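Everything on this sheet refers to the single structure shown next.
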Amino acid sequence: MSRIIGIDLGTTNSCMAVMETNGPVIIPNAEGGRTTPSVVAFTKNGERLVGEAAKRQAVVNPERTISSIKRDMGTDRKIKIDGKTYLPQEISAMILAKLKKDAESWLGEPVTEAVITVPAYFSDAQRQATKDAGTIAGLNVQRIINEPTSAALAYGADKDFGQKILVYDLGGGTFDVSVLDIGSGVIEVLATAGNNRLGGDDFDKCIVDWILGEYKRSDKVDLSRDAAAMQRLREAAEKAKIELSATTSAEINLPYISAGRSGPRHLSMTLTRAKFDELTAQLVEATMGPVHQAITDSGISMNDIGRVLMVGGSSRIPAVQEAVKRYTGKEPFKGINPDECVAMGACLQGGVLAGSVGGLLLLDVTPLSLGIETVGGVCTRVIDRNTTLPISKSQIFSTAADYQTSVEVNVLQGERPMASQNKSLGKFRLSGIRRAPRGVPQIQVTFNIDTNGIVNVSAMDLDTGKSQEITVTGSSNMSQTDIDAAVRDAQQYAADDEHIRERARARDRAEQLLYRAAAAEKGMERNRKKLLTASEKRVRRALKDDNEAELNAAVLELEGLLD
Ligand code: AMP
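Using this note's numbering, read the sequence shown as starting at 492 and increasing by one per residue.
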C-alpha cells in the first residue's frame, strides 16, 4: 500500500498533504503552487487542462471551461463537450488525477491511497459521487471525512484541550459550520449545519452585478451577454474582493472590455470596502442561521465554545470575521492556515488509518435523520440527525394487513414526520414472509451508516430469516437544495406536521380497533354485537369521509364498547 495522501477537494481550489516524519506537509503541484484551482478545460484542439492552466485560459474559452463542479456533485447534471457527456464525478476525477500525478512526481513514488474531504453537510449521494471520483482517478479512497472535522484535526491533533470548538468554514462555493468536542485524542462532531450553495463565488457575483449596473449606467452597455467579458469581470471581481481583505479600496481596471462606434471601451472603477460590505451584507448574515442551528443542535450554549476556528479562503473577509466575533462573542482564532488546514487534517486521518499517527479517534455525525415509511404514510425515524458515525441501529416492524407476504421498505431521509415530505433514498421489497395476521410477523429493519456516511439498509423476517438490503447509491440522491428546504420546512411547518401526524395516528388506531372489534364479535351476545357493528360502521364511515372530529368520537365510542 502506498502512503495515504490527504486531499481537500475544494470548490475553487484543491490542496493535498502527506505525513512526513515531523507531521503533515503540503504537497506542491507541478506548477509549484500549494493549492490547485479546481478548474478543468477542454481546448479547441482536444487538449485537456486542469488547474492553473485551465483557469488562465478561462477568459478566452469560457464555454469549454468547467469550474465549481463540486456544487454539482451528486446531481445528474451532464456536461457536454465535443459530443461527449461527462458527469460531475468524472470532471472531479480529472482534478484528482492531476493531484495524484503531481503528488507522485513530488514524492517520487506511486500514490494509490487517499483520504478526501467533503463539506460536513454533503448528502449521502454527494459523498458517494466524491468516492466515485476518487476511484475513477485511480485512487483508493480510504475515508471520506468532513472538512471542518479535518480542520479541527489539524488544529487539535497534538493538543489536549478538552474544549468545544466551533468551525466556521466559508470556502468558494460552500459554507459549513460544525461544533466539535476536542477531548484527549478524541474529536467528536456534536453537530453540523451549513449551506451548500453559499461561498466566495456569491461574493464575487455581488461585485459583478454591481459593476454591470454601474457600467450600464455610465456607458449604456450591457456586458452580461458577452461571455468573455463576463469571465474577465468575474476574475476582476474576485481579485478586488481579495484585495479588500487587506486594503480599504480596490481598483478595477478592464481595458478593451467592449467596442463602441468610437472604438474600444475601457472599464475603470473603484470599489471601497464599505461598498463591498454593503453589497455583501446579506450573504454574511445568511451564514449566521446555520451557526445558530449548529449550536442549538449540539445542545450546548455559545458560552461553552472555547474557540472559533476560521476555515476556507472566504473566512478572510473582514466583515465575515467581525460578524462571527459579534455573534459568538469570541475572537476568531487565526493560528491555522485556512487554505491548507483541511488537507493537513485529511492526511493526519490518513496517518491514523495507516497506523503512523496514534491516539486519535475521529467521530463524525450524520447530517439528516433517516427512517422508513410506515402505516398511514408516516415517516418512522430510526436514526436521528447528528448521530455519531459509524452507527448501526435496528427496529422491529410488522405487516399492516392480514396475510401479507411481502413488505416494501421505503428508506427516507429528512426531518418531516410524513413520508411524502421527506426524500426517498430508495425502496426495496422483502418477500416470502410467512402468512400471518397483521402485526404478527417481526421484520427487523437495520440501518448501517459507515464512517464515510454511506447508508446501507436491510430488512429481515425474524421468522424465516429471509433478508433483503440496499446500499443507497448516487442515482437516488437528494440535492443540497432539497436538504436545506427539508430542514427549513421542518422548522416552518412543525405545528402543521404535528397535526398531520396526529391524524395519521388516529386513523391507524381506528384501523386497529376495527380489527379488534371483528375478532371480539365472534361469540358475542346478540344485542351487544348489534351495538358493536353499528359503532364499527360509524368508524368506517368517518374513515371514508376523512372526518377527523367524527372519527375521534366514533373511536371513543367503539373503545368504550370493547373495554
Ligand atoms: P477555498 O474553497 O477555501 O479555497 O476558498 C476559495 C474562496 O476564498 C474563493 O472564493 C476565493 O476568492 C476566496 N478567498 C481567498 N483568499 C481570500 C481573501 N484574502 N479574501 C477574501 N476571499 C478570499
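For glycine and all other residues, C-beta sits at the position ideal for the given N, C-alpha and C.
As the structure is a computational prediction, the values presented were derived from the model and not from experiment.
Check                                                                                                                                                                            : Outcome
From this set, Ala731, Glu1050, Val843 and Arg817, which residue's C-alpha is nearest Met779's C-alpha?                                                                          : Arg817
Only counting the same chain, and skipping five residues up and downstream in sequence, which positions put a Cβ closer than 6 Å to that of Gly497?                              : Ala508, Val606, Ala834, Ala837, Cys838 and Gly841
Please determine whether the Cβ atom of Thr503 lies at a distance below 6 Å from any heavy atom of the ligand AMP.                                                               : yes
Do the segment 540-559 and the segment 596-604 touch if we need at least three Cβ pairs shorter than 8 Å?                                                                        : no
Tell me the residue span of the beta strand (DSSP E) that contains Pro639.                                                                                                       : Taken as a continuous stretch (DSSP letters only), Pro639 belongs to no beta strand (DSSP E), being part of the alpha helix (DSSP H) at Glu638 to Gly647.
How should Val551 be labelled, buried or exposed, when 16 other C-beta atoms within 10 angstroms of its C-beta is the threshold for buried?                                      : exposed
Specify the secondary structure class of Val902 as computed by DSSP and reduced to three states.                                                                                 : strand
Could you please give the first and the last residue of the uninterrupted alpha helix (DSSP H) stretch that includes Leu689?                                                     : Premise fails: Leu689 is in no alpha helix (DSSP H) and is neither H nor E.
Would you report the Cα separation of Ile582 and Asp567, rounded to the nearest angstrom?                                                                                        : 13 Å
Quick one, are the C-beta atoms of Gly662 and Thr502 less than 7 Å apart?                                                                                                        : yes
Kindly indicate the opening and closing residues of the alpha helix (DSSP H) around Tyr818.                                                                                      : Pro809 to Thr819
Please name the residue or residues paired with Phe938 in a DSSP beta bridge.                                                                                                    : Lys884 and Val948
Have a look at Ala620 and Tyr706 and give me their C-alpha separation to the nearest angstrom.                                                                                   : 41 Å
Report buried or exposed for Arg920, applying the criterion of at least 16 other Cβ atoms within 10 angstroms of its Cβ.                                                         : exposed
Classify Lys1028 as buried or exposed, calling it buried when 16 or more other Cβ atoms lie within 10 Å of its own Cβ.                                                           : exposed
Since Cys697 and Leu770 should fall inside the 8 Å C-beta cutoff, what is the C-beta to C-beta distance between them, to a whole number of angstroms?                            : 4 Å
In the DSSP assignment, the beta strand (DSSP E) including Met835 goes from what residue to what residue?                                                                        : Per DSSP, Met835 belongs to no beta strand (DSSP E); it is in the alpha helix (DSSP H), Cys832 to Ala845.
Using only CA atoms, which one of Ser915, Ile934 and Leu916 lies nearest to Ile924?                                                                                              : Ile934
Less than 6 Å separating the Cβ of Ser915 from some heavy atom of the ligand AMP?                                                                                                : no
With three or more C-beta pairs closer than 8 Å as the rule, is the segment 1005-1025 touching the segment 1040-1054?                                                            : yes
For Leu798, collect the residues of the same chain with a Cβ closer than 6 Å to its Cβ; drop the 5 residues on either side in sequence, then sort them by chain order.           : At residue 798 the sequence reads Arg, which differs from the Leu that was named. Only Ile656 and Phe824 meet the Cβ criterion.
Report buried or exposed for Ala737, applying the criterion of at least 16 other Cβ atoms within 10 angstroms of its Cβ.                                                         : exposed
Indicate, with yes or no, if the ligand AMP has a heavy atom lying under 6 Å from the CB of Gly663.                                                                              : yes
Looking at Glu679: is its Cβ nearer than 7 Å to the Cβ of Asp660?                                                                                                                : no
Does the ligand AMP have a heavy atom nearer than 6 Å to the CB of Ile808?                                                                                                       : yes
Which of the three DSSP states, helix, strand or coil, is assigned to Thr540?                                                                                                    : Looking at the sequence provided, one finds Leu at residue 540 rather than Thr. Reduced to three states, the DSSP call for Leu540 is strand.
Give me the Cβ distance between Ala584 and Ile518, rounded to the nearest whole Å; I'm assuming they're in contact under 8 Å.                                                    : About 18 Å separates the two Cβ atoms, so there is no contact after all.
Along the chain, where does the beta strand (DSSP E) that runs through Thr576 open and close?                                                                                    : Lys575 to Tyr577
Just to confirm my understanding: we take Ala891, look at its own chain, exclude 5 residues before and 5 after, and list those with CB closer than 7 Å. What are they?           : Val866 and Arg929
How is Arg920 classed by DSSP in three states: helix, strand or coil?                                                                                                            : strand
Thinking C-alpha only, which one of Thr937, Pro755 and Gln912 is nearest Asn947?                                                                                                 : Thr937
Label Asp563 either buried or exposed according to how many other C-beta atoms from any shown protein chain fall within 10 Å of its C-beta, with 16 as the threshold for buried. : buried
Report the residue from Ala750, Leu644 and Ala950 whose alpha carbon sits nearest the alpha carbon of Val848.                                                                    : Leu644
Regarding Glu729 and the ligand AMP, is the C-beta to nearest heavy atom distance less than 6 Å?                                                                                 : yes
Find the nearest neighbour of Asp788 within the set Met909, Arg876 and Tyr646, judged by alpha-carbon distance.                                                                  : Arg876
Ordered along the chain, which non-local residues of its own chain (more than five positions away) have a Cβ less than 7 Å from that of Arg872?                                  : Ser860 and Gly862
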